[in-house]
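In our numbering, each number is its position in the sequence shown, counted from 1, plus 46.
Glycine included, each C-beta is placed from N, C-alpha and C at the ideal position.
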Amino acid sequence: MTEWTSCGGCAAKWGANLLKDLVDDLAAGATPTIDPALLVGLAPFDDAAVYQVSDDVALVSTTDFFPPLVDDPDDFGAIAAANACSDVFAMGGRVVMAVNIAAFPENFPTEAITQIFAAASQVVAQAGGSVAGGHTIRNPEPIFGLAVQGVVHPQKIFRKGGAVAGDVALMSKPLGTGLTLANGSPSDKAEAIAGMRRLNRVASEQLQQLGDAVHGVTDVTGYGLAGHGWEMAQRSGVQLVLRASWLRAYAGAREAAQAGVRTGGDPRNRAYVAEHFSFDATTTDDSSVALCMDPQTSGGLLAAVTREAAEKLLR
């Protein structure tokens, strides 16, 4: 399926600087909200919108879609669904339902579309929800994703901001999906695909059990660990310190980076964090930096938690 598209997965996202300018313009020009029930919206933006409907229930609403980054329709549908559900988990919520967002060329194999839809439905079910409908249009390039609705307690929402000095940053998945898919062996790619199919549900539920010890959460996707990590740090008023030896990577990702492979989103992500990201050249080479810049598709949750909570979680 990748032959149908020029760029797949979350690497197809707009550059973060362009999107930030757009969102800032929208927020500046929008009529100030007078609805106190909108707990999370455009300003400050987060991984999903949240709207309170009762004292103990708030709706979590998000959408994600992209062109295929793999050739197997089942993998594509599963990865797209796991990626779309991730924003709900990043907000501390549980998935309730989803609707498909699909665009395909008229001559795209219908059996492949059926496989994509079926795999997505299975993953949404694993997330705790149901696919309740959708919308499909004609398009020169195939695109698939979902709009996902979840629920969360209004007082237990995870947000990007809130990290404090001394917190430990944890990630629920390895890095390097883009690098591995670009240059990995078949077995390397199979490992990365399995990781992308995996939901962040368990990671979110484990974080929820830590209560107030969790200070900030986001999911790492198209802007890489560097971009999403900087957003969390900037929102929290702290610095995020990374060590090359701490970075877990999918098989083949480091080797690809060391060989000079760079994915299409790498330069855009470097531009996004250029004024905020620095590294010690005596202890860190550019291949480790490339891991941080690599666009992740269905990446892990990045959480800032107390040191005590981190030790408890990692036992």
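Each residue's CA atom was taken as its position, placing Asn229 and Ala124 some 22 Å apart. In the DSSP assignment, Asp121 falls within the alpha helix (DSSP H) that extends over 119-136. Of all alpha-carbon atoms in Ala236, Asp213, Ala327, the one lying nearest the alpha-carbon of Ala299 is that of Ala236. Excluding residues up to 5 positions away in sequence, Asp102 lie with their Cβ nearer than 6 Å to the Cβ of His199 in the same chain. Each of Pro82, Leu221, Asp234, Phe150 was checked against the Cα of Phe190, and the nearest Cα belongs to Phe150. The three-state reading of DSSP puts Val263 in strand, counting E and B together.
Apart from the 5 residues on each side of it in sequence, Phe91 sits with its Cβ closer than 7 Å to the Cβ of Val69 in its chain, given in chain order.
For Val116, the closest of Gly257, Ala89, Ser344, Ala171 by C-alpha to C-alpha distance is Ser344.
Following the DSSP letters along the chain, one finds Arg281 inside the alpha helix (DSSP H) bounded by residues 270-282. In the DSSP assignment, no residue is bridged to His199.
Take His322, set aside five residues on each side of it, and the residues of its chain with a beta-carbon closer than 6 Å to its own are Trp276, in chain order. Within the same chain, Cβ atoms closer than 8 Å to the Cβ of Ala136 are found at Asp93, Ala94, Phe204, Asn246, Ser250, Val263, Thr264, Asp265, Leu347, the five residues on either side in sequence being excluded.
The alpha carbon of Leu65 has as its nearest neighbour, out of Ser176, Ala317, Pro114, the alpha carbon of Ala317.
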